[in-house]
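Reviewing the structure listed below.
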Amino acid sequence: MSRTVIAGIDGSPASLAAAEWAAREARRRRVPLKLLHAMEEWIPSYGYASQTEATPSPQYWGERIPREVALQLTERHPGLEITTEQVDGRPLTVLVAAAQEAEVLVLGSRGLGAMTGFLVGSVSQAVLAQAKRPVVVVRPSAWLDADCLPASDGDAPRKDKDRPVVLGLDLSHPSTELLDHAFDAAAVRRAPLRVIHRWSMPPAFAFDPALLAPEVRDGMATSMATALADELRPWRDKYPEVRVEVDCSVGQPANQLVEASADTSLVVVGRRIRRSAIGAHLGPVVHAVLHHATAPVAVVPHA
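Residue numbering for the sequence shown is 5 to 307, as defined by the working numbering.
What follows is the structure, given as structure tokens:
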């Protein structure tokens, strides 16, 4: 795998936001950026052709879209190595294959506004369900507000770099890939990492009120907090520069992650790689966060 950030683009506002976010991520990580366009037999209607031009061919669009986006990004990010690639084929197939070669694949979503979150398009959602590498989904109107770029070489920060990276962690299925991605994302942003773990009381509590005694509940809370601390300890040692904030309590994880996304630079969630009778799919927490979070969302697949 090459150390490259790849942005899937099609000329839509969502994909242009994804390309800008990807350029910033590539700068942080000091790696090249590749703009990838998958071409099918269709002609986009995003305003690239003037009314005086003859109807362009799909090949024309396949070459022009990534070239023009690259020129725009080069102006805003001088010194960043940017390459373009146009591939014939279905976007889903092309993007899933590209994810295998990328440090992170960045896609756009269909925006709904800052208060209501975003809908994830069918292609992006299918890629998320099948990719074996991290994929970030960016909402068009959120990439600038939620993003933060550390100061470098005397430049002032673009945004408040103290906005944390938020990690949703399930202790029943911990993942080295997920933890490493979240800690690394916080490190390259020089931002804190807020780890959110929500747990549920055992079903027996609903049938035996005696089990609801405060000392029992407090004992379970202490046990969960200890388990979370033990899980995080190796990663704190590996990334000593990352300040970690722990949020461990009873509740629903999706709700808390969506709420936390209002003031964060990135939400990181995991997706278990598993197959069902209907094929690969996203879990309920990932699905809820993707459709309602207001910040970019990184989905990290793991066994």
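In this text, a Cβ means the ideal position worked out from N, Cα and C, and glycines have one as well.
Bear in mind that the values here come from a model prediction, so they are computed numbers and not experimental data.
- For the region 196-262, the continuous beta strand (DSSP E) assignments of 3+ residues that do not extend past its boundaries occur at 197-203, 248-254, in sequence order.
- Note that the C-beta distance between V169 and A264 is not below 7 Å.
- Contact between the region 88-103 and the region 37-44 is established, with three or more Cβ pairs separated by less than 8 Å.
- If the five residues before and after P95 are omitted, its C-beta is found closer than 6 Å to the C-beta atoms of A42, V127, all from its own chain and listed in chain order.
- With a cutoff of 7 Å on beta-carbon distance, G112 and A18 are scored as near each other.
- Annotation for A186: V169, L171, L197, V272 place their beta carbon closer than 7 Å to its own, counting only its chain and skipping 5 residues before and after.
- Here V139 is not near A22, since their CB atoms are 7 Å or more apart.
- The three-state secondary structure of V131, taken from DSSP, is helix.
- One Cα belongs to D184, the other to A231, and the distance between them is close to 18 Å.
- Secondary structure note for D92: its beta strand (DSSP E) is the uninterrupted segment 86-92.
- Taking 7 Å as the cut-off, the Cβ atoms of A190 and V246 count as close.
- Sixteen is the threshold: when 16 or more other Cβ atoms of the shown chains lie within 10 Å of the Cβ of V73, as they do, the residue is buried.
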